[in-house]
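The opening residue of the sequence shown carries number 1 in the working numbering; numbering runs sequentially from there.
Everything below concerns the one structure shown next.
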Amino acid sequence: MPTKDEEQSVNIFDLLSEEAPEEEEEKPKSRRAELLEPMGVKDRFEEGSISIDMRTCRGIECNLCVKACPTNALYWKVGEIGIIEDLCIHCAACVANCMVDDCIRVTRKRPDGKIETFSNAKDVCKLMRNINLRKGRDRVESLFPTVEEYFERYGE
């Protein structure tokens with residue numbers, strides 16, 4: 001009788017299919033990717049976290065963060081706001097709409113390694129303004145790398 005080490009397993013589904021089994025299997029999707037894909041939402045941050053200070057939260061009075069969340073990661077549960085971490089894309093919509101400063105704290109890590117933390121609308125506005133300025137500057141630099149090149153193209 002063969003021992004467990006000597007037994008070989010065979011995938012019967014590969015036997016039934018006409019195609020030869022692929023040697024390299026695809027990496028299984030994470031639960032987060034499976035949840036976000038049907039929504040058409042792209043996860044732009046490597047990692048992040050969200051927390052709500054329930055002592056200062058006035059969720060029952062306003063519910064603004066729940067309405068602002070594009071993925072429905074925030075929801076109303078008995079007596080407080082609940083969070084589904086796998087659905088949160090750390091976009092800051094909840095923080096921007098929260099009427100209480102320092103109630104919702106979002107921390108996220110960009111692909112370049114930069115870590116951003118914000119917990120009030122002012123921080124979110126400054127962050128978005130800086131991102132827009134950086135993108136605008138990059139676009140201008142791609143069109144006109146130098147002042148001399150601009151004057152060559154369009155004259156003085």
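C-beta atoms are modelled at their ideal positions from N, C-alpha and C, and glycine is treated no differently.
Owing to the predicted nature of the structure, the values given are computational and were not obtained by experimental measurement.
Exercise for review: Identify whether Glu26 lies in helix, strand or coil by the three-state DSSP scheme.
Suggested key: If you number the sequence shown from 1, residue 26 lands on position 26. Here the model assigns Glu26 a pLDDT of 49, short of 50, so the residue's position is not dependable, and the following value carries that caveat. In the structure shown, Glu26 falls within a coil segment according to DSSP collapsed to helix, strand and coil.
**Study point:** Leu74 - partner residues in DSSP beta bridges
**Key:** Numbered from 1 along the sequence shown, position 74 holds the residue referred to as residue 74. In the DSSP output, where bridge partners are listed per residue, Leu74 has Ile83.
Review point. Are the beta-carbon atoms belonging to Cys94 and Cys125 less than 7 Å from one another?
Key: For the purposes of this step, residue 94 is taken as the residue at position 94 of the sequence shown. For the purposes of this step, residue 125 is taken as the residue at position 125 of the sequence shown. Going by C-beta atoms, Cys94 is not nearer than 7 Å to Cys125.
Check your understanding: Rounded to the nearest angstrom, how far is the Cβ of Thr56 from that of Cys103, given a contact under 8 Å?
Key -> In the sequence shown, counting from the first residue as 1, residue 56 sits at position 56. In the sequence shown, counting from the first residue as 1, residue 103 sits at position 103. The beta-carbon distance between Thr56 and Cys103, rounded to whole angstroms, is 5 Å. This is short enough to meet the 8 Å contact definition.
Point to revise | Sequence-distant residues of the same chain with beta carbon closer than 7 Å to Tyr150, five excluded per side | key: Indexing the sequence shown from 1 puts residue 150 at position 150. Within the same chain, Tyr150 has close Cβ partners Phe144.
Check your understanding: Would you call Glu24 buried or exposed, if buried means 16 or more other Cβ atoms sit within 10 Å of its Cβ?
Key -> For the purposes of this step, residue 24 is taken as residue 24 along the sequence shown, with counting starting at 1. The predicted position of Glu24 is uncertain, since its pLDDT is 45 and thus under 50; a value taken from the coordinates is nonetheless stated next. Classification for Glu24: exposed.
Review point. Among all the DSSP beta bridges, which residues are the ones paired with Ser51?
Key: Taking the sequence shown and counting its residues from 1, one reaches residue 51 at position 51. In the DSSP output, where bridge partners are listed per residue, Ser51 has Arg105.
Review point. Looking at the unbroken beta strand (DSSP E) that takes in Glu37, where does it start and where does it end?
Key: By 1-based counting over the sequence shown, the position of residue 37 is 37. For Glu37, there is no enclosing beta strand (DSSP E), as DSSP marks it with neither H nor E.
**Study point:** Simplified DSSP assignment, three categories, for Phe144
**Key:** Within the sequence shown, numbered from 1, the residue matching residue 144 stands at position 144. If DSSP states are grouped into helix, strand and coil, Phe144 belongs with coil.
Check your understanding: When the distance is taken between beta carbons, is Ile52 closer than 7 Å to Ile81?
Key -> Looking up residue 81 in the sequence shown gives position 81. Looking up residue 52 in the sequence shown gives position 52. Yes.
**Study point:** Val106 beta carbon less than 7 Å from that of Ile50
**Key:** Taking the sequence shown and counting its residues from 1, the one referred to as residue 50 is at position 50. Taking the sequence shown and counting its residues from 1, the one referred to as residue 106 is at position 106. Cβ atoms of Ile50 and Val106: closer than 7 Å.
Review point. Helix, strand or coil: how does DSSP classify Ile89 here?
Key: For this step, residue 89 is matched to residue 89 along the sequence shown. Coil.
Practice item. Determine the direct distance from the alpha carbon of Lys42 to that of Lys135, and round the result to whole angstroms. Key: By one-based count along the sequence shown, residue 135 stands at place 135. By one-based count along the sequence shown, residue 42 stands at place 42. Distance between the alpha carbons of Lys135 and Lys42: 19 Å.
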